[in-house]
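Residue numbers (our numbering), protein chains in the order written: chain A, 3 to 281; chain B, 90 to 352.
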């Protein structure tokens, strides 16, 4: 899920709080592979939470966030904190959904879409297909979750760990510079990163070697065992109206989110099947 | 846990849609009744006497005089903006700090309007004050990232050595803290390059070492841990042993905060 969406969603959760809790409700936020400092991220989300608390007339400091950019840390925090609501990547949701009874609540909508595609990029005219990249180096931030890349992005057709020589990076621009210099053979990008390519000045033209099917954007998930349907519906409704609120709109615009959409569970069913099929 | 730095963070996620300007400052600082008689011209002539070692009352008096001055020659200098920054840095009250920093932006904008565009110090103190004014406000911070970068770049091009490599230090810190591509202007490669240069060319300023240590730490590479600690220790030593006056306390807080992160 996009970092920006993730941050804003975390802050927006405040508005759906069922009640202003005397002790802050912890929201676990997982952004694997993100170039994000935990302290800074929590600070940013805290600032935004305060804004949303004011807008939503909730008691200040009703919510707290716990941010991590490491998948292992996310697994640990989910197990220890048992949060009612969390923000995770799609890969972590698929992995942890059974263990923590997770169900999607809302998705961000960006540029009219609630889905994205992943792409593998290489220097122009160097490789024509993924098969030609066998044994070659592949970089990118999204490689923090190789299972997700293999089972969902490559739909189980390629195991990235054995097929490529993976060069995980927490900075997409650094991976692309390495690709430009020929230090990497290919880089895998999410939609947001792909969309930003035009802003970079690369010496060597790039071309797309692989494009994934549409993959739903991940947003807020809830523990269905510790939240009621009413609570989850309240979350969704509050989020749907968030980007039309005066203050909320400012935040939504800042992060490029048009709105938040209540999740149609059917959207994620193909992902669940792919994930299971990849095992 | 070692993690990459962002948003974040300053988080400030980069997305920078429309620039959210900060509110315009009041015309002048709170008036003081017990200030010595001095003129704006004399303050400008002796501006090197005003700095880290000056007490806040002295700086506030000078600021009042500068704010009252209608002399374009005074108005185009960076002095008012610099004094605002020094007062803001040492003020622990966020509201007052932001008010002073915003006033510093106003002084710098006046300087630009009076022909101070070719003075790198004007751009530098504009950026430094602007950063201080908006850093606690995510939408304003995000909306001003582009301007911050532009002003710092101009300062770097015109006066790279002022304030012990201040433009290198601040621009490096901006690239370190701002949201990374494609969300923002954050760029760790650039941050490392600028901050390493700041340390090499201006090794006596404690913050140059602190920020470079933070940039190295952000790499999350165990191999650099020794260097991170060495830079931190050197910066802390310079701060402790140097005559940094009223700046020592706020800078010490920066060091302490990073030390907590290192644990």
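By construction, the Cβ of each residue, glycine as well, lies at the ideal position given by its N, Cα and C atoms.
Residue 227 of chain B - partner residues in DSSP beta bridges: As a working note, residue 227 of chain B is residue 138 in the second chain. For residue 227 of chain B, which the question treats as bridged, DSSP gives no partner whatsoever.
Sequence-distant residues of the same chain with beta carbon closer than 7 Å to residue 337 of chain B, five excluded per side: For the purposes of this step, residue 337 of chain B is identified with residue 248 of the second chain, where counting begins at 1. Contacts found: 328.
Near-chain A residues of the segment 264-277 of chain B - C-beta to any C-beta below 9 Å: 266, 268, 269, 270, 271, 272, 275, 276, 277
Identity of the residue in A:225, A:187, A:143, A:135 nearest residue 195 of chain A by Cα: As a first step, residue 195 of chain A is located in the first chain; it is residue number 193 there, counting from the start. For residue 195 of chain A, the nearest C-alpha among the options comes from A:143.
Straight-line gap, residue 283 of chain B to residue 235 of chain B (C-alpha atoms, nearest Å): Within the second chain, numbered from 1, the residue matching residue 283 of chain B stands at position 194. Within the second chain, numbered from 1, the residue matching residue 235 of chain B stands at position 146. If you take the alpha carbons of residue 283 of chain B and residue 235 of chain B, they lie about 18 Å apart.
Below-9 Å beta-carbon distance, residue 141 of chain A vs any chain B residue: For the purposes of this step, residue 141 of chain A is taken as residue 139 along the first chain, with counting starting at 1. It does not: the Cβ of residue 141 of chain A has no partner Cβ on chain B nearer than 9 Å.
Proximal chain B residues relative to residue 198 of chain A, where beta-carbon distance stays under 9 Å: Here residue 198 of chain A is taken as the residue at index 196 of the first chain, counted from 1. Chain B residues near residue 198 of chain A: 270, 271, 272.
Below-9 Å beta-carbon distance, residue 194 of chain A vs any chain B residue: To locate residue 194 of chain A, count along the first chain from 1; it is residue 192. Closer than 9 Å: yes.
DSSP-derived helix/strand/coil call for residue 190 of chain A: One-based indexing of the first chain puts residue 190 of chain A at position 188. If DSSP states are grouped into helix, strand and coil, residue 190 of chain A belongs with the strands.
Residue 113 of chain B in three-state terms, based on DSSP: For this step, residue 113 of chain B is matched to residue 24 along the second chain. Confidence is the limiting factor: at residue 113 of chain B the pLDDT is only 39, short of 50, which leaves the residue's position unreliable and the question unanswerable from this model.
Nearest neighbour of residue 92 of chain A, chosen from A:84, A:123, A:105, A:261 [CA to CA]: As a position in the first chain, residue 92 of chain A is number 90, starting the count at 1. For the residues A:84, A:123, A:105, A:261, the minimum Cα distance to residue 92 of chain A belongs to A:105.
Cβ pair residue 108 of chain A, residue 228 of chain A closer than 9 Å: Translated into the one-based positions of the first chain, residue 108 of chain A becomes position 106. Translated into the one-based positions of the first chain, residue 228 of chain A becomes position 226. Result no, Cβ atoms of residue 108 of chain A and residue 228 of chain A do not sit closer than 9 Å.
N-terminal and C-terminal residue of the alpha helix (DSSP H) that residue 309 of chain B is part of: Taking the first residue of the second chain as position 1, residue 309 of chain B is located at position 220. Counting along the chain, residue 309 of chain B falls outside any alpha helix (DSSP H), and DSSP gives it neither H nor E.
Closer than 9 Å to chain B by CB, residue 176 of chain A: To locate residue 176 of chain A, count along the first chain from 1; it is residue 174. It does: the Cβ of residue 176 of chain A has a partner Cβ on chain B nearer than 9 Å.
As assigned by DSSP and simplified to three states, the class of residue 223 of chain A: Within the first chain, numbered from 1, the residue matching residue 223 of chain A stands at position 221. In the structure shown, residue 223 of chain A sits in a strand (DSSP, three-state: E or B).
9 Å Cβ cutoff, residue 309 of chain B in contact with chain A: Walking along the second chain from the start, residue 309 of chain B turns up at place 220. Yes, residue 309 of chain B counts as interfacial toward chain A.
Sequence-distant residues of its chain with Cβ nearer than 7 Å to residue 237 of chain B (five each side left out): Counted from its first residue, the second chain places residue 237 of chain B at position 148. Excluding positions up to five away in sequence, the list reads 216, 219, 220, 263.
Residue 209 of chain A - DSSP class collapsed to helix/strand/coil: The residue labelled residue 209 of chain A in the question sits at position 207 within the first chain. Looking at residue 209 of chain A - three-state DSSP - the assignment turns out to be strand.
Helix, strand or coil at residue 344 of chain B [DSSP, three-state]: Within the second chain, residue 344 of chain B is the residue found at index 255, counting from 1. Residue 344 of chain B falls in the helix class under three-state DSSP.
Closest by C-alpha distance to residue 355 of chain B, when choosing among B:159, B:123, B:122, B:170: Outside the modelled stretch of chain B, which goes from 90 to 352, sits residue 355 of chain B, for which no answer is possible.
Under the three-state DSSP convention, the category residue 339 of chain B falls into: Here residue 339 of chain B corresponds to residue number 250 of the second chain, with the count starting at 1. Looking at residue 339 of chain B - three-state DSSP - the assignment turns out to be helix.
C-alpha gap between residue 166 of chain B and residue 194 of chain B, whole angstroms: Here the question's residue 166 of chain B lines up with position 77 in the second chain. Here the question's residue 194 of chain B lines up with position 105 in the second chain. The alpha-carbon atoms of residue 166 of chain B and residue 194 of chain B are separated by roughly 13 Å.
Beta-bridge pairing of residue 29 of chain A - partner residues as DSSP gives them: As a first step, residue 29 of chain A must be located in the first chain, where it is residue number 27. DSSP, once it has assigned bridges, lists A:67 as partnering residue 29 of chain A.
Residue 260 of chain A in three-state terms, based on DSSP: Along the first chain, read from residue 1 onward, the residue named residue 260 of chain A stands at position 258. Looking at residue 260 of chain A - three-state DSSP - the assignment turns out to be coil, as it is neither helix nor strand.
Among A:28, A:81, A:149, nearest to residue 69 of chain A - alpha-carbon criterion: The sequence position of residue 69 of chain A within the first chain is 67, counting from 1. Checking every option, the nearest Cα to that of residue 69 of chain A belongs to A:28.
Exposure label - residue 204 of chain A; buried when at least 16 CB within 10 Å: Taking the first residue of the first chain as position 1, residue 204 of chain A is located at position 202. Exposed is the call here.
The segment 251-263 of chain B in contact with the segment 287-298 of chain B per 3-pair CB rule at 8 Å: yes
Selected residue, minimal CA-CA separation from residue 192 of chain A, among A:261, A:181, A:215: Here residue 192 of chain A refers to the residue found at position 190 of the first chain. Per the Cα distances, A:215.
Under 9 Å by beta carbon: chain B residues contacting residue 201 of chain A: As a first step, residue 201 of chain A must be located in the first chain, where it is residue number 199. In chain order: 270, 271.
Segment limits, alpha helix (DSSP H) that includes residue 165 of chain A: On the first chain, position 163 is the one that residue 165 of chain A refers to. Taken as a continuous stretch (DSSP letters only), the alpha helix (DSSP H) holding residue 165 of chain A covers 162-165.
CA nearest to the CA of residue 197 of chain B, picked from B:186, B:174, B:185, B:183: Position 108 of the second chain holds residue 197 of chain B. When only C-alpha atoms are compared, the closest one is B:174.
Contact with chain B by residue 66 of chain A, beta-carbon distance below 9 Å: Taking the first residue of the first chain as position 1, residue 66 of chain A is located at position 64. Closer than 9 Å: no.
Members of the segment 155-174 of chain A near chain B, C-beta cut-off 7 Å: 172, 173, 174
Through-space distance from residue 332 of chain B to residue 144 of chain B, alpha-carbon basis: Residue numbering aside, residue 144 of chain B sits at position 55 when the second chain is read from its first letter. Residue numbering aside, residue 332 of chain B sits at position 243 when the second chain is read from its first letter. Cα to Cα, the separation comes out at about 14 Å.
The segment 175-192 of chain A in contact with the segment 139-158 of chain A per 3-pair CB rule at 8 Å: yes
Burial state of residue 79 of chain A, where buried means 16 or more other Cβ atoms lie within 10 Å: Counting from one through the first chain, the residue named residue 79 of chain A turns up at place 77. Buried is the call here.
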